[in-house]
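Chemist: One structure coming up, written as structure tokens, with questions to follow.
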Amino acid sequence: MAAQLDPTDVLARILVENGPLREDDIAHRLREAGIRNPDDVLPQLLNEIDCPAVPLVDESWVWLPELMAGRILTHRVDAQELAHDILIVTPDLDPLTHLCEFEEFARLADGTPISVALPAFDEDVLDERGVPPDMVDDGGALILPPGTLSDLDVAAGELVGLRLTPAGLTLTRVTAETSPSVGAALAATLDPEEPVAFDSAVWSACVADTALFTEPVEPLSEIADAHNLVRRLDVLAPAEFDYDRWRFDIDCEVMSRRYDIAEDAALALRTLVSIYEQMSQLLTMPLSDDEEVPDGDAPTPALAGYRELVAEFGAELADPHLAEVLLAETVGRNPDGAAALGLFAETLEPQVPRRARVAFRWLRSVALERIGDIEAAERELLTAETMDTDWPLPLYDLARIASDRGDVERALALLHRAGAAPDDPLFTVLRSHRPEARPDVGRNEPCWCGSGRKYKKCHLGKEQLSLPDRVGWLYSKAAQHALISGWRGLVAELNYERNRHHDAPDEAIDPVVIDAVLFEGEALADFLAVRGPLLPDDERSLAEQWLLSERSLFEVEEVHPGRGLVVRDVRTGDVHEVRERTASRQLTARQLICTRLLPIGDGTAQLFGGVEPVALHDRSALMELLDEGPAPVEIVAFLSRRFAPPMLTNTEGDPLMICEAVVRVSDSARMEAALDGTYDRVEDAELPQWFEHVTTDGMDRIRATVVLEGDTLRVETNSEERMDRVLETLERLDPGMQVVDDTRTPMDDPREMAAKMPATAKGAVDPEDPQVAALLDAMILDYETKWLDESIPALDGHTPRQAADDPTRRPDLIRLLDSFPTDAGRHAMNADRLRAALGLE
26 MAAQLDPTDV LARILVENGP LREDDIAHRL REAGIRNPDD VLPQLLNEID
76 CPAVPLVDES WVWLPELMAG RILTHRVDAQ ELAHDILIVT PDLDPLTHLC
126 EFEEFARLAD GTPISVALPA FDEDVLDERG VPPDMVDDGG ALILPPGTLS
176 DLDVAAGELV GLRLTPAGLT LTRVTAETSP SVGAALAATL DPEEPVAFDS
226 AVWSACVADT ALFTEPVEPL SEIADAHNLV RRLDVLAPAE FDYDRWRFDI
276 DCEVMSRRYD IAEDAALALR TLVSIYEQMS QLLTMPLSDD EEVPDGDAPT
326 PALAGYRELV AEFGAELADP HLAEVLLAET VGRNPDGAAA LGLFAETLEP
376 QVPRRARVAF RWLRSVALER IGDIEAAERE LLTAETMDTD WPLPLYDLAR
426 IASDRGDVER ALALLHRAGA APDDPLFTVL RSHRPEARPD VGRNEPCWCG
476 SGRKYKKCHL GKEQLSLPDR VGWLYSKAAQ HALISGWRGL VAELNYERNR
526 HHDAPDEAID PVVIDAVLFE GEALADFLAV RGPLLPDDER SLAEQWLLSE
576 RSLFEVEEVH PGRGLVVRDV RTGDVHEVRE RTASRQLTAR QLICTRLLPI
626 GDGTAQLFGG VEPVALHDRS ALMELLDEGP APVEIVAFLS RRFAPPMLTN
676 TEGDPLMICE AVVRVSDSAR MEAALDGTYD RVEDAELPQW FEHVTTDGMD
726 RIRATVVLEG DTLRVETNSE ERMDRVLETL ERLDPGMQVV DDTRTPMDDP
776 REMAAKMPAT AKGAVDPEDP QVAALLDAMI LDYETKWLDE SIPALDGHTP
826 RQAADDPTRR PDLIRLLDSF PTDAGRHAMN ADRLRAALGL E
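Quick note on the numbering used here: the sequence shown kicks off at 26 and runs consecutively.
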């Protein structure tokens, strides 16, 4: 809208008129242009998501559409790009395709939309084109309309040129001549101490030379190579710059900060990780017929030139914390790298001092477990234990193995030796499943089993809990496998999805997340494949039954507090008796819950994976999702929607937002007269004031408030739609008016909304006033009467009266009324009145 101060428009004008500017200069000019609090606004403006202002090498900012207007960049296409109508953008086209992140520029000159697809985010787009997974690098690919490249009659090895024109981007077949000056211009922008972003170097060169790239020249990648500039994907450095050394030093610094370790330790670990990475590449590299992967006693290419460093740096792993860091930096980041870790540990163990060899033996055991050989892993752990009886990591892993086997006492003893914290989760689980001695048999009496031996010599300290009493232990074994092994990425992804709408303790992992990883994520199947041989036979058999169970939607039919529940599977109609102490004290009859029922070995079942309440209006959608067999992220996202803040709307259905605008008018007297003819004037107001009214649900409501003070109008509304409508009206009444301020604050919390209501709305209604209270009472009674005959989504579109008369719908209606709050206050819908009106008392 003309004359309205949009900060982005102001920024564009400032940069176009003044050229590149630093942030402090931009803030100063924004303030001069009438933007309030420019220091607060600027960080929001200078972001690559919403605004096409980009940084140069010297950290100044430029308006990219203006800078690149009319310039052309080239790219040499290959056969794969021609086959799929895509162009790899990095680095040749990046300085221009950056504009495709903004809707107004993501199109060709004829209006055809285009986009840059990134492998990490747009896999479906690339799959739809049949693009091979390894064809597109992290920089992405420009997705062109099918047939675009064939229409250009361009062949593999030829050049296409991408140019920015006023109508959009154009793509043409071009020829180019060598231009040494372009390479020199790029080299002149570079920092000798560190690489810079390739596109920033191009933009900086364009600022320095307005004629640069106005005619087709060779692709940027070829220009850089011809001038011996060092490039790595999207960064550029001067000739002879040691990029690998620079990257190594940066990694060391990051590792030191991430794990709070000394610089020397970080250097050692980063060196060891480099060796691991080379071994990983060796294992994945295709070998010729006469090549073999070296065995553990043979030197490997990864060790060439590293022997002295291995001895020095490998000694650092005698510190268990650093050994764990190395594990996190290897298979922790690459779950498929277990084979390389095994080769790494086996090859380096003889090269390091004796005190550190236990660490490499432990790493070998981890690698063996990750590839599924738990028995070999245990042998290596036992060997590691003999190498250093006090080194904690093998002891802890042996404690897990003892726990899996059901040997509580050995597991506890190993945890004590490992120095595990008293609140360690494994400690907690083991203590809670420690069988007690039988009170009915004395220590020196014959054992209850009939062996003829004394109880203390036979079963004392070796009692076994029943299978139903061990199901929680079994479930925790599987959960610990998911948390410790190669499932951390999925756990983190689901944990984010679970907590995206509310804060949760960093150390807390929700039961829904663990269950989704185990079942929908298939970590339970992996647990059984890897560690199943360790389990007692009855536990393994039960866990295999668990693999067949599905998460479902249940209705609570009976509640026996502290003992259990009777639930009905809404999807199948099956009724289940459930042993459940905690949930049975919280749930009520007719409540809908989403959970997983797992058999516990005695003909009954138990709830696992959290007990999620399900609103009636979500029932159908949840059942449809469950029937489809949801992915882990899908089910966690659905069950976590209940934590999202409510979408508050006004009576016209607009999302609630506190909107306030200040408008300077050209003629206050003429505007006052015009407003009298447009809106309803408020009598006896201190300043000239008007309301815009709208009728909804048979009632007049205030849509907007307008106050005139001198030559300034203050406008207040509770939605963007209402504000835009008023501002358009004011512009029509006074084409010369100017919007000098326009703030819009989303509101998701009703209490926050009430606290921030515009001043003119406060105090308008006093609910304690007897006349107002009587009016509100009449309004709510009228609304309740209308509600009885409204189509209700939670009742599948039926009205409450229809549902009350239909025996198949009545339970849903009762459930809906039961969900109404009982403490909402006097002026709210009353479930008891509604039950009486529907004959449900």
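For every residue, glycine included, the Cβ atom is placed at its ideal position computed from N, Cα and C.
With a 10 Å radius around its C-beta and 16 neighbouring C-beta atoms as the bar for buried, classify S816 as buried or exposed.
Modeler: In the sequence shown, residue 816 corresponds to position 791, counting from 1. When all chains shown are included, S816 counts as exposed.
Chemist: So, with DSSP's three-state summary, where would you put V765?
Modeler: Along the sequence shown, read from residue 1 onward, the residue named residue 765 stands at position 740. V765: strand per DSSP, three-state reduction.
Chemist: Quick check on the DSSP output: the alpha helix (DSSP H) that includes I275 runs from which residue to which?
Modeler: For this step, residue 275 is matched to residue 250 along the sequence shown. Start and end: 268 to 284.
Chemist: Since M682 sits in a beta bridge, which residues does DSSP pair it with?
Modeler: Residue 682 sits at position 657 when you count from the first residue of the sequence shown. P771.
Chemist: Report yes if the CB atom of L174 is closer than 9 Å to the CB atom of E247, and no otherwise.
Modeler: As a first step, residue 174 must be located in the sequence shown, where it is residue number 149. As a first step, residue 247 must be located in the sequence shown, where it is residue number 222. Their beta carbons are not under 9 Å apart, which means L174 does not touch E247 by this criterion.
Chemist: Would you identify the three-state DSSP class for V603, choosing helix, strand or coil?
Modeler: One-based indexing of the sequence shown puts residue 603 at position 578. The answer is strand: DSSP assigns V603 an E or B state.
Chemist: If the criterion is Cβ atoms closer than 9 Å, does the pair S510 and V538 meet it?
Modeler: For the purposes of this step, residue 510 is taken as the residue at position 485 of the sequence shown. For the purposes of this step, residue 538 is taken as the residue at position 513 of the sequence shown. Contact: no.
Chemist: Which one or two residues does DSSP pair with R621 in a beta bridge?
Modeler: Residue mapping note: residue 621 aligns to position 596 of the sequence shown, counting from 1. Paired residue(s): R576, F633.
Chemist: Can you give me the start and stop residues for the alpha helix (DSSP H) that Q570 sits inside?
Modeler: Taking the sequence shown and counting its residues from 1, one reaches residue 570 at position 545. Its alpha helix (DSSP H) spans residues 562 to 571.
Chemist: Opposite E265 in the DSSP bridges: which residues?
Modeler: Counted from its first residue, the sequence shown places residue 265 at position 240. The partner list for E265 (beta bridge, DSSP) is empty, contrary to what the question assumes.
Chemist: Relative to the alpha-carbon of D599, which residue among H585, T607, S491, A630 has its alpha-carbon at the smallest distance?
Modeler: Taking the first residue of the sequence shown as position 1, residue 599 is located at position 574. Closest by alpha carbon: A630.
Chemist: Following the continuous beta strand (DSSP E) through G497, name the residue where it begins and the one where it ends.
Modeler: Residue mapping note: residue 497 aligns to position 472 of the sequence shown, counting from 1. Element bounds for G497: not the beta strand (DSSP E) but the alpha helix (DSSP H), 492 to 509.
Chemist: Near A52, which residues of its chain fall below 8 Å by C-beta distance, leaving aside the five closest residues on each side in sequence?
Modeler: Start at 1 with the first residue of the sequence shown, and residue 52 comes out as number 27. Closer than 8 Å at Cβ, skipping near neighbours: P63, D64, L67.
Chemist: Might you give, ordered along the chain, the residues of its own chain that have their beta carbon closer than 8 Å to the beta carbon of M854, omitting 5 neighbours on each side?
Modeler: Counted from its first residue, the sequence shown places residue 854 at position 829. I805, Y808, E809, W812, F845, listed in sequence order.
Chemist: Rounded to the nearest angstrom, what separates G186 and P32 at their Cα positions?
Modeler: Position 161 of the sequence shown, counted from the first residue, corresponds to residue 186. Position 7 of the sequence shown, counted from the first residue, corresponds to residue 32. Using only the alpha carbons, I get a separation of about 34 Å.
Chemist: Under the DSSP definition of a beta bridge, which residues are partnered with L307?
Modeler: By one-based count along the sequence shown, residue 307 stands at place 282. Partner(s): none; L307 has no beta bridge.
Chemist: Considering Cα atoms alone, identify which of R695, R54, R667 is closest to I618.
Modeler: Within the sequence shown, residue 618 is the residue found at index 593, counting from 1. Comparing Cα positions, the closest option is R667.
Chemist: Run through the segment 161 to 244 for me and flag every whole beta strand (DSSP E) of 3 or more residues, listed as ranges in chain order.
Modeler: Correct list: 166 to 168, 184 to 190, 193 to 199.
Chemist: Quick check on D103: does DSSP put it in helix, strand or coil?
Modeler: As a working mapping, residue 103 is identified with position 78 in the sequence shown. Note: D103 maps to coil in three-state DSSP.
Chemist: Just how far apart, CA to CA, sit W271 and P217?
Modeler: In the sequence shown, residue 271 corresponds to position 246, counting from 1. In the sequence shown, residue 217 corresponds to position 192, counting from 1. Their Cα atoms are separated by approximately 11 Å.
Chemist: Can you give the Cα-Cα distance for A503 and G339, rounded to whole angstroms?
Modeler: As a working note, residue 503 is residue 478 in the sequence shown. As a working note, residue 339 is residue 314 in the sequence shown. About 33 Å.
Chemist: Since P471 sits in a beta bridge, which residues does DSSP pair it with?
Modeler: In the sequence shown, counting from the first residue as 1, residue 471 sits at position 446. The partner list for P471 (beta bridge, DSSP) reads K479.
Chemist: Alpha carbon to alpha carbon, what distance is there between A828 and L820?
Modeler: Numbered from 1 along the sequence shown, position 795 holds the residue referred to as residue 820. Numbered from 1 along the sequence shown, position 803 holds the residue referred to as residue 828. The alpha-carbon atoms of L820 and A828 are separated by roughly 7 Å.
Chemist: With a 10 Å radius around its C-beta and 16 neighbouring C-beta atoms as the bar for buried, classify N867 as buried or exposed.
Modeler: The question about residue 867 has no answer here: the residues shown for the chain are numbered 26 through 866.
Chemist: Since E734 is in the beta strand (DSSP E), which residue starts that stretch and which ends it?
Modeler: Position 709 of the sequence shown holds residue 734. 724 to 734 is the span of the beta strand (DSSP E), which, as asked, contains E734.
Chemist: Measuring alpha carbon to alpha carbon, tell me which residue in D234, T197, L420 is nearest T214.
Modeler: On the sequence shown, residue 214 is found 189 positions in, with the first residue counted as 1. Of the listed residues, the one whose Cα sits closest to T214 is D234.
Chemist: With three or more C-beta pairs closer than 8 Å as the rule, is the segment 409 to 423 touching the segment 535 to 552?
Modeler: Taking 8 Å as the limit for Cβ pairs, the verdict is that the segment 409 to 423 does not touch the segment 535 to 552.
Chemist: Please list, in chain order, all residues of the same chain as G761 whose beta carbon is under 6 Å from its beta carbon, the five residues on each side excluded.
Modeler: Numbered from 1 along the sequence shown, position 736 holds the residue referred to as residue 761. Contacts found: S691.
Chemist: Measure the beta-carbon distance from A867 to V636 and round it to whole angstroms, keeping in mind my assumption that it falls under 8 Å.
Modeler: This structure does not reach residue 867, given that the chain is present from 26 up to 866, and the question cannot be answered.
Chemist: Look up S844 in the DSSP assignment and say whether it is helix, strand or coil.
Modeler: Here residue 844 corresponds to residue number 819 of the sequence shown, with the count starting at 1. Note: S844 maps to coil in three-state DSSP.
Chemist: Any chance you could list the alpha helix (DSSP H) runs of at least 4 consecutive residues sitting entirely within the segment 438 to 469, in chain order?
Modeler: Counting whole runs of 4 or more residues, the segment 438 to 469 contains the alpha helix (DSSP H) stretches 450 to 457.
Chemist: If distances are taken between C-alpha atoms only, which option among Q763, W715, G654 comes closest to A686?
Modeler: Looking up residue 686 in the sequence shown gives position 661. Comparing Cα positions, the closest option is Q763.
Chemist: Which partner residues of V87 appear in the DSSP bridge assignment?
Modeler: The count along the sequence shown starts at 1 and reaches residue 87 at position 62. DSSP lists V79 as partners of V87.
Chemist: Are the CB atoms of A166 and V156 nearer to each other than 9 Å?
Modeler: Counting from 1 along the sequence shown, the entry for residue 166 is found at position 141. Counting from 1 along the sequence shown, the entry for residue 156 is found at position 131. Yes, they are a contact pair.
Chemist: Leaving aside the five residues before and after G477 along the sequence, list all residues of the same chain whose C-beta is less than 7 Å from its C-beta, in chain order.
Modeler: In the sequence shown, counting from the first residue as 1, residue 477 sits at position 452. The residues are P471.
Chemist: Could you check whether T770 and M696 sit closer than 9 Å to each other, using their CB atoms as the reference points?
Modeler: Here residue 696 refers to the residue found at position 671 when the sequence shown is read from its first residue. Here residue 770 refers to the residue found at position 745 when the sequence shown is read from its first residue. Result no, Cβ atoms of M696 and T770 do not sit closer than 9 Å.
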